[in-house]
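Okay, so the sequence shown: first residue is 83 according to our numbering, each after it adds one. For every residue, glycine included, the Cβ atom is placed at its ideal position computed from N, Cα and C. This one's a predicted model, so the numbers in the text were calculated from it and none came from an experiment. I have placed the structure first, in the form of structure tokens, so that the comments after it can refer back to it.
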Amino acid sequence: MDKFTIQGNTKLTGQIKVSGSKNSALPIIISSLLTDEKCVIKNVPNLHDISSTIDILQYLGKKVEFKNNTITITKNGCCKTDIPYELVKKMRASFLSAGPLLARYKHATISLPGGCAIGIRPVDIHLKGFSKLGAKIKQKGGDILISAKKLKPAKIILGFPSVGASQNLLMCASLVEGKTILENIAREPEVDDLINCLNGMGAKISYQANKVIVEGVKKLSGINHTVIADRIETGTYLIAAACTKSTIEVINCEPENDEILIEYLQEAGFNVKCGKNSIKISPRTKNVKPVHIKTAPYPGFATDLQPLWMVLMSQAKGTCEVSEDIFENRFMHVAELVRMGANIHMEGKTASIMGGTSFTGANVMSSDLRGGACLVLAGLCASGETVVDRVYHIDRGYEQLEKKLAGLGAKIKRKKA
Ligand code: UD1
Numbered sequence: 083m084d085k086f087t088i089q090g091n092t093k094l095t096g097q098i099k100v101s102g103s104k105n106s107a108l109p110i111i112i113s114s115l116l117t118d119e120k121c122v123i124k125n126v127p128n129l130h131d132i133s134s135t136i137d138i139l140q141y142l143g144k145k146v147e148f149k150n151n152t153i154t155i156t157k158n159g160c161c162k163t164d165i166p167y168e169l170v171k172k173m174r175a176s177f178l179s180a181g182p183l184l185a186r187y188k189h190a191t192i193s194l195p196g197g198c199a200i201g202i203r204p205v206d207i208h209l210k211g212f213s214k215l216g217a218k219i220k221q222k223g224g225d226i227l228i229s230a231k232k233l234k235p236a237k238i239i240l241g242f243p244s245v246g247a248s249q250n251l252l253m254c255a256s257l258v259e260g261k262t263i264l265e266n267i268a269r270e271p272e273v274d275d276l277i278n279c280l281n282g283m284g285a286k287i288s289y290q291a292n293k294v295i296v297e298g299v300k301k302l303s304g305i306n307h308t309v310i311a312d313r314i315e316t317g318t319y320l321i322a323a324a325c326t327k328s329t330i331e332v333i334n335c336e337p338e339n340d341e342i343l344i345e346y347l348q349e350a351g352f353n354v355k356c357g358k359n360s361i362k363i364s365p366r367t368k369n370v371k372p373v374h375i376k377t378a379p380y381p382g383f384a385t386d387l388q389p390l391w392m393v394l395m396s397q398a399k400g401t402c403e404v405s406e407d408i409f410e411n412r413f414m415h416v417a418e419l420v421r422m423g424a425n426i427h428m429e430g431k432t433a434s435i436m437g438g439t440s441f442t443g444a445n446v447m448s449s450d451l452r453g454g455a456c457l458v459l460a461g462l463c464a465s466g467e468t469v470v471d472r473v474y475h476i477d478r479g480y481e482q483l484e485k486k487l488a489g490l491g492a493k494i495k496r497k498k499a
């Protein structure tokens, strides 16, 4: 297993370029199942989760080429409608294939994705939506069988604005003739990006107040689509600069998608200046001010940035509360931060972080994607050497994180297993 070794206490400086959004690219690549025509998707980050998605598409009968961050997908024979556990277990987002397969072939058999380090992560909201659209759902030996003689439009109120369920139902309803109304759907930029892509393929999806109306069409065409910038990667670099009291510029990003983070960084004592596709951050005051956060669906504070915010708040003058309201177990990084010197007290879904920590380098272990990234940030501000193990978690969501940070002057290296 690869590791990162980090020599801490270094200031960062210069520009860092953000890749395309992983969470946007995954459903957009999967939406190619809705058509036999050619789909060209640009600004796709080269990540393990993307390779896993390509494996799924190839298994299902697509020809996929991935070069220079562009994916070209064409038809390659007939389409299968089952996805075995070996493919699903690598990546939960494979469950997003259910919507397109059901819409086009009236059938999908997909192994139930299990939980993961951050929570149980059920798929009941996806399945309730498919039932409303007329599908029958059965569970057999760890597989979910979804089938329908004919799908029908419906009014679906999501019990929670789940990002995955919103994406799955939007893809499915696009090919269900008639008017489907989706209420309480997720408003994440990644959902908007999928809607733009689907509309580019000929879907008829529009917002009406707080509802999304999908006028189903008979057929969707190919697409040439560019994925939006990764707002979580953007946030990671902004927080990395804040933790190390550095001045950097993040480029190729979309500042409007990180609004709440930018506001909180300003409140914590940083100058944050946005250009059209860039953000500059520099320290404004000597002390970092504690800023409490509660994770929430967009436009609230992203759950993915919560572990990173905890590293910054460990540097604050005073105590800060961080509440995790999306996932029930997204605090695995806390024990590792404590090993590096953080003073964090947990009570249920709230962490109280006593500021003023001087992190010291240690051997630590990533437990999940963003938890791993937060250990890298702690390593950047720690004295001495930090070794972050199980870097494969970080590689799932960051394209060459160590090379990009080294470009800002960080002393970080990958040690190959
Ligand atoms: C979530 C985040 C998203 C982030 C992604 C990757 C939110 C609202 N969503 O999206 O911003 O990019 O993780 O870390 O912050 N749930 C159910 N039943 C379902 C589906 C979901 O109970 O059928 C629950 C989940 O267990 C979780 C919550 O709803 O507690 C949010 O899930 P969802 O938005 O679907 O997760 P992701 O799509 O993975």
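For residue i, the nearest candidate out of the options (CA to CA)
i: Q140; options: I476, T156, C463, N151; result: T156
i: A324; options: W391, A291, F413; result: W391
i: Y167; options: F177, C160, N158; result: F177
i: H130; options: K497, H208, D477, V473; result: D477
i: T509; options: M83, D84, V100, T92; result: Lying before the first or after the last residue shown, residue 509 is absent from the chain, which here runs from 83 to 499.
i: L347; options: T318, C335, G357; result: T318
i: K218; options: L184, V245, N250; result: L184
i: D274; options: Q89, A378, G491, P109; result: P109
i: P235; options: L209, V473, L264; result: L264
i: C254; options: K214, P379, I494; result: K214
i: K300; options: Y187, K120, E341, C279; result: Y187
i: V309; options: K327, K431, M83, G282; result: G282
i: A384; options: N339, E418, D206, N278; result: N339
i: K497; options: E403, G491, D471; result: D471
i: P381; options: T262, L419, I342; result: I342
i: G357; options: V146, I344, G351, R366; result: I344
i: G72; options: R452, E418, A444, D407; result: In this structure the chain extends from 83 to 499, so residue 72 is not present and cannot be described.
i: H307; options: L280, I98, S328, Y289; result: L280
i: D84; options: G491, V446, A460, L487; result: V446
i: M173; options: I112, N278, G437, R269; result: I112
i: V473; options: K286, E467, E484; result: E484
i: S106; options: N278, F352, G224, A378; result: N278
i: I375; options: D225, S405, V458, I207; result: S405
i: E119; options: P365, A291, T154; result: T154
i: T401; options: G437, L387, Y289, P389; result: G437
i: L73; options: G479, F352, V420, V354; result: In this structure the chain extends from 83 to 499, so residue 73 is not present and cannot be described.
i: D505; options: L194, T117, S465, E147; result: A query on residue 505 cannot be resolved here, the shown segment of the chain reaching from 83 to 499 and no further.
i: H189; options: K220, E270, F352; result: K220
i: F204; options: S244, I287, G351; result: Sequence check: residue 204 is Pro here, not Phe. Here the closest residue by C-alpha is S244.
i: S288; options: K355, E270, N158, T262; result: T262
i: P379; options: I314, N158, P182, R269; result: R269
CB contact flag (residue i, residue j, <8 Å)
i: L169; j: I132; result: no
i: G284; j: L257; result: no
i: N425; j: T442; result: no
i: K399; j: N369; result: yes
i: I361; j: V332; result: yes
i: V469; j: T87; result: yes
i: G260; j: I238; result: no
i: G396; j: I363; result: Strictly speaking, residue 396 in this sequence is Ser, with Gly absent from that position. Not closer than 8 Å, so no.
i: K371; j: E349; result: yes
i: L94; j: I330; result: yes
i: A311; j: E336; result: yes
i: A505; j: V416; result: With the chain running from 83 to 499 in the structure shown, residue 505 is simply not present.
i: G304; j: C121; result: yes
i: Q89; j: K486; result: no
i: K144; j: S114; result: yes
i: G96; j: G489; result: yes
i: I123; j: T152; result: yes
Rounded distance between the beta-carbons of residue j and residue i, thought under 8 Å
i: T191; j: L227; result: 5 Å
i: N91; j: C463; result: 7 Å
i: A199; j: N411; result: 7 Å
i: G216; j: A230; result: 5 Å
i: P127; j: K149; result: Not confirmed; about 14 Å, so no contact.
i: P180; j: N250; result: Checking the displayed sequence, the identity of residue 180 turns out to be Ala instead of Pro. Correct: roughly 6 Å between the Cβ atoms.
i: F409; j: G201; result: 4 Å
i: S449; j: M422; result: With 8 Å as the limit, S449 and M422 do not qualify as a contact, their Cβ atoms being about 14 Å apart.
i: I267; j: V294; result: 5 Å
i: L252; j: L276; result: 6 Å
i: L451; j: H427; result: The pair is not a contact, with the Cβ atoms about 25 Å apart (cut-off 8 Å).
i: K327; j: P365; result: 5 Å
i: L302; j: L419; result: Rounded, the Cβ-Cβ distance is 46 Å, inconsistent with contact.
heavy atom of the ligand COA below 7 Å from residue i C-beta
i: I202; result: As far as ligands go, the structure on display features the ligand UD1 and does not contain the ligand COA.
Which ranges does the beta strand (DSSP E) cover as unbroken runs of at least 3 residues, wholly within the segment 189-258, from first to last along the chain? 189-193, 218-222, 225-229, 237-239, all fully within the segment 189-258.
Can you give, in chain order, each stretch of the beta strand (DSSP E) that sits fully within the segment 300-371 and has at least 3 residues? For the segment 300-371, whole beta strand (DSSP E) runs of length 3 or above, ordered along the chain, are 305-308, 329-333, 352-356, 360-365.
Sequence ranges, beta strand (DSSP E) only - wholly within the segment 402-430, length at least 3: Counting only runs of 3 or more, we get 425-429.
For the segment 130-171, list the alpha helix (DSSP H) runs that are entirely contained and at least 4 residues long, ordered along the chain. Taking only runs of at least 4 residues, the alpha helix (DSSP H) segments lying wholly in the segment 130-171 are 130-142, 167-170.
Which runs of the beta strand (DSSP E) fall wholly inside the segment 431-464 and span at least 3 residues, in chain order? Whole beta strand (DSSP E) segments, 3+ residues: 432-436, 445-447.
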